[in-house]
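2 protein chains.
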Amino acid sequence: MQSLIDIQQQLLPDLLVVMKKRYLILRQVMLSDMIGRRTLAASLNLTERVLRAETDFLKGQGLLLIDAAGMRISDAGRRLLENMEPLYKTMFGLSDLEERIRERFGLKGVSIVPGDSDTSPYTKRELGRAGCAALRKVMGKDDVVAVTGGSTLANLAGQMMTQAPLKSNWFVPARGGLGESLDYQANTIASTLAKRTGAQYRLLHVPDHLSDEAYMSLMQEPNVREIVEVIRSARIVVHGIGDAMVMARRRRVDESVIQAMEAEKALAEAFGYYFDRNGEVVHKMSTAGLRLEDIVETEVVIAIAGGRSKGEAIAAVMRFGHDDMLVTDEAAALEIAAIMDRE
Amino acid sequence: MQSLIDIQQQLLPDLLVVMKKRYLILRQVMLSDMIGRRTLAASLNLTERVLRAETDFLKGQGLLLIDAAGMRISDAGRRLLENMEPLYKTMFGLSDLEERIRERFGLKGVSIVPGDSDTSPYTKRELGRAGCAALRKVMGKDDVVAVTGGSTLANLAGQMMTQAPLKSNWFVPARGGLGESLDYQANTIASTLAKRTGAQYRLLHVPDHLSDEAYMSLMQEPNVREIVEVIRSARIVVHGIGDAMVMARRRRVDESVIQAMEAEKALAEAFGYYFDRNGEVVHKMSTAGLRLEDIVETEVVIAIAGGRSKGEAIAAVMRFGHDDMLVTDEAAALEIAAIMDRE
DNA sequence: TGCAAGCGGGACGTTATTGGTCCAATGTAA
DNA sequence: TTACATTGGACCAATAACGTCCCGCTTGCA
Chain S
1 MQSLIDIQQQ LLPDLLVVMK KRYLILRQVM LSDMIGRRTL AASLNLTERV
51 LRAETDFLKG QGLLLIDAAG MRISDAGRRL LENMEPLYKT MFGLSDLEER
101 IRERFGLKGV SIVPGDSDTS PYTKRELGRA GCAALRKVMG KDDVVAVTGG
151 STLANLAGQM MTQAPLKSNW FVPARGGLGE SLDYQANTIA STLAKRTGAQ
201 YRLLHVPDHL SDEAYMSLMQ EPNVREIVEV IRSARIVVHG IGDAMVMARR
251 RRVDESVIQA MEAEKALAEA FGYYFDRNGE VVHKMSTAGL RLEDIVETEV
301 VIAIAGGRSK GEAIAAVMRF GHDDMLVTDE AAALEIAAIM DRE
Chain R
1 MQSLIDIQQQ LLPDLLVVMK KRYLILRQVM LSDMIGRRTL AASLNLTERV
51 LRAETDFLKG QGLLLIDAAG MRISDAGRRL LENMEPLYKT MFGLSDLEER
101 IRERFGLKGV SIVPGDSDTS PYTKRELGRA GCAALRKVMG KDDVVAVTGG
151 STLANLAGQM MTQAPLKSNW FVPARGGLGE SLDYQANTIA STLAKRTGAQ
201 YRLLHVPDHL SDEAYMSLMQ EPNVREIVEV IRSARIVVHG IGDAMVMARR
251 RRVDESVIQA MEAEKALAEA FGYYFDRNGE VVHKMSTAGL RLEDIVETEV
301 VIAIAGGRSK GEAIAAVMRF GHDDMLVTDE AAALEIAAIM DRE
């Protein structure tokens with residue numbers, strides 16, 4: 001059955017949204033015995049007109065009875081609700097989870113794909129696809145999109161598709177180069193995204209990890225300075241989330257710094273910064289890319305990360321509180337929910 | 001899984017239509033390796049613009065690759081098609097069958113619900129619902145709808161719903177009263193339908209089975225005459241289909257006539273007439289209701305009947321050739337298809 | 001190498017659909 | 001009877017869908 005839903009999701013992505021809306025209307029009506037349109041619209045957060053279109057439809061389907069006194073559920077509607085009961089969890093379980101997490105961290109949107117990226121490459125791919133969808137949704141015209149590196153972002157970039165070319169948009173790396181494999185460099189990802197969407201891109205040919213002096217002198221270079229300004233003006237940022245220690249080592253951060261971070265219980269890494277479990281930044285360093293103050297200013301910040309092992313790190317970064325959207329997977333989301341419950 | 005589809009059918013009735021359209025596009029593209037929009041539109045009987053909207057969508061979903069050379073399927077699309085293969089039959093098998101039957105008998109539309117009305121009351125209910133949908137689709141303003149009697153029609157009437165009241169429409173019985181139970185009388189059904197849809201109705205208080213003399217004298221009555229004229233002017237006729245012998249006995253047709261019909265191999269009964277397997281009428285009698293010549297003139301004739309045992313009778317009436325729509329169930333449809341294959 | 005057929009995609013005007021808002025008619029309960 | 005809440009109709013604005021035409025590009029054939 002899951003496979004059927006997966007297929008339908010690909011062929012009719014907003015199927016579940018519509019189904020859920022209608023299900024909830026029906027359910028609310030049943031719980032209310034008899035209820036009026038306005039009351040119902042208010043309790044479901046729908047405008048009166050939209051609700052009316054839906055109730056007219058449900059009436060036509062014979063699931064709802066409407067008369068001058070109000071609406072109540074029909075026998076067929078009651079039967080349908082009963083039959084849907086067992087399906088509800090599998091069909092909408094994730095969107096409930098999405099809503100809980102969205103609410104808790106004050107996000108604009110949360111998107112959860114089924115599965116666990118740690119164990120299933122398929123889930124990882126889905127995660128990328130969901131990331132694409134989230135990004136597509138917020139991109140407009142003339143937007144600058146800054147992206148970080150990492151395997152998840154690389155996965156996203158490799159799957160990105162658009163209906164029409166986005167000529168007027170720019171993709172830029174959020175940070176400079178790291179010691180990682182080429183495929184996972186922010187530069188590579190920005191360029192892949194631009195190529196796949198028909199957008200433009202700029203690269204930042206500067207190491208991410210800089211001494212203050214090197215930073216100052218590099219920023220004197222007009223061409224470096226120029227692209228850095230573009231990066232810092234990004235309206236949209238898409239970033240991954242990593243484990244603090246793993247990332248620090250991969251970035252060859254000084255052993256002394258690593259130990260300091262360990263002492264401060266650094267847990268998560270995102271766009272080059274390290275966070276403890278409360279979302280406090282525990283280590284800063286000068287960077288030619290996006291700085292914390294830029295992130296705070298950015299209009300849309302999208303985090304994308306999945307896998308049970310990353311749940312804690314994701315929760316930490318969410319506590320930092322400057323993300324607007326989270327794209328994750330079921331395993332990580334359950335982990336996050338568990339952390340929320342423990343609070 | 002079937003239950004999921006059933007539920008979705010109620011909450012999103014045209015889900016399958018859209019899914020099938022997209023599936024067929026994808027499939028056609030795969031079979032064609034590389035194909036252009038216009039060619040594809042022609043081979044799928046879609047207008048160019050509609051197809052374009054769909055292919056843009058499929059491209060956005062990453063299922064289709066489009067470049068200046070044409071369209072081809074992506075890996076994800078190919079995977080999707082493979083995954084759908086087993087689902088196709090359960091999801092669309094009936095609509096293929098619908099199309100075959102529609103084509104063979106030159107109908108405007110065929111609607112098949114899953115199951116067998118002979119054995120499952122649930123299927124019988126579904127049949128009624130499908131009949132409602134078919135009827136709703138063809139009803140406009142100021143229409144006169146003539147309905148016959150029978151349990152299937154009664155079932156339909158009991159489930160009929162409309163979004164808005166159809167004040168300007170009239171429901172009338174197609175034929176006079178029979179010896180049957182009150183619930184199954186055409187009069188009862190016309191009145192139920194009118195009440196449930198907010199339409200008007202007229203009754204025909206005349207026995208269906210009349211001697212020529214009685215017929216002539218009854219037709220002198222102004223009020224009988226008036227309603228009979230309304231009936232005969234019906235734009236829409238909805239009728240059931242029965243087994244000839246069963247119906248004849250139920251109607252207490254003279255034993256001599258029954259034997260004559262048996263000799264002529266009467267097989268099916270519909271709107272008071274008896275048909276042999278070739279759709280030829282084998283017995284006529286004067287009636288105050290709809291006559292054959294009225295049926296021939298009627299703009300929309302809808303047949304509704306299901307159950308494996310009725311397959312043969314349905315096929316016979318379809319051969320008569322004046323129906324426009326058929327609403328039936330899977331068991332009967334398969335029986336009809338088997339008869340078609342034997343031809 | 002040149003040509004023509006077929007391709008995607010842009011553009012535009014028209015039509016159909018959807019959503020917001022207001023109000024009249026109606027039924028219900030106090 | 002009155003006051004309230006209900007549905008359903010009406011209307012307008014915004015938007016999406018659609019039909020149609022054309023342009024520039026690629027590609028395969030001559």
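Residue numbers (full-length UniProt numbering), protein chains in the order written: chain S, 1 to 343; chain R, 1 to 343.
For glycine and all other residues, C-beta sits at the position ideal for the given N, C-alpha and C.
What you are looking at is a predicted structure, and each value in this text was computed from that prediction instead of being measured.
Terminal residues of the continuous beta strand (DSSP E) containing residue i?
i             : result
F275/S        : Y273 to F275
T328/S        : M325 to D329
V147/R        : V144 to V147
G109/R        : G109 to V113
M71/S         : G70 to I73
residue 431/R : Summary: the structure shown does not reach residue 431/R, with chain R confined to residues 1 through 343, and so no result is reported for it.
E269/S        : A268 to A270
P173/R        : W170 to P173
I241/S        : Careful: I241/S lies outside any beta strand (DSSP E) and carries neither H nor E.
Applying the 10 Å Cβ sphere with the 16-neighbour rule, what's the burial state of residue i?
i      : result
A266/R : buried
V29/R  : buried
V50/S  : exposed
R232/S : buried
M216/R : exposed
V238/S : buried
Y122/R : exposed
R38/S  : exposed
L182/S : exposed
R249/R : exposed
R79/S  : exposed
How about residue i and residue j: do their beta carbons lie closer than 8 Å?
i      : j      : result
V230/S : V301/S : no
V282/S : E293/S : no
D143/R : I227/R : no
M160/R : L193/R : yes
L81/S  : R27/S  : yes
A313/S : I339/S : no
A53/S  : L63/S  : no
R251/R : H205/R : no
M71/S  : T90/S  : no
A154/S : Y201/S : no
E269/R : A244/R : yes
G242/S : G150/S : yes
L58/S  : I7/S   : no
D324/R : K108/R : yes
R175/R : L290/R : yes
G177/S : L156/S : no
Starting from residue i, trace the alpha helix (DSSP H) both ways and give me its first and last residue.
i      : result
H230/R : According to the sequence provided, residue 230/R is Val. The question's His does not apply to it. From DSSP, the alpha helix (DSSP H) with V230/R extends over P222 to R232.
E299/S : It is not in any alpha helix (DSSP H) - E299/S carries neither H nor E in the DSSP assignment.
A260/S : E255 to A263
E312/R : G311 to F320
I189/R : A186 to T197
F57/S  : E48 to G60
E126/S : P121 to V138
I35/R  : Here I35/R belongs to no alpha helix (DSSP H), and DSSP marks it neither H nor E.
V246/R : A244 to R250
T287/S : It is not in any alpha helix (DSSP H) - T287/S carries neither H nor E in the DSSP assignment.
N155/S : S151 to Q159
L204/R : That residue, L204/R, is in no alpha helix (DSSP H); it is neither H nor E in DSSP.
L218/R : D212 to L218
Under 8 Å by Cβ, that's how I've got residue i and residue j pegged, so tell me the actual separation to the nearest angstrom.
i      : j      : result
A234/R : A288/R : Incorrect: roughly 14 Å between the Cβ atoms, too far for contact.
I101/R : I304/R : About 14 Å; that fails the 8 Å criterion.
V110/S : E98/S  : 4 Å
F275/R : F320/R : 6 Å
L4/R   : L11/S  : In fact, because the Cβ distance is near 15 Å, the residues do not count as touching under 8 Å.
G306/S : K124/S : 7 Å
T152/R : R136/R : 17 Å between Cβ atoms; not a contact.
G198/S : G158/S : Between G158/S and G198/S the Cβ distance is about 16 Å, and since that is not below 8 Å, they are no contact.
Is any heavy atom of the ligand ATP found at a distance shorter than 7 Å from the C-beta of residue i?
i      : result
V281/R : Of ligands this structure carries none, so the ligand ATP is not represented either.
Kindly confirm or deny that the segment 112-126 of chain S and the segment 318-336 of chain S touch, where touching means at least three C-beta pairs closer than 8 Å.
In the pairwise beta carbon analysis, the segment 112-126 of chain S is classified as touching the segment 318-336 of chain S: at least three pairs are separated by under 8 Å.
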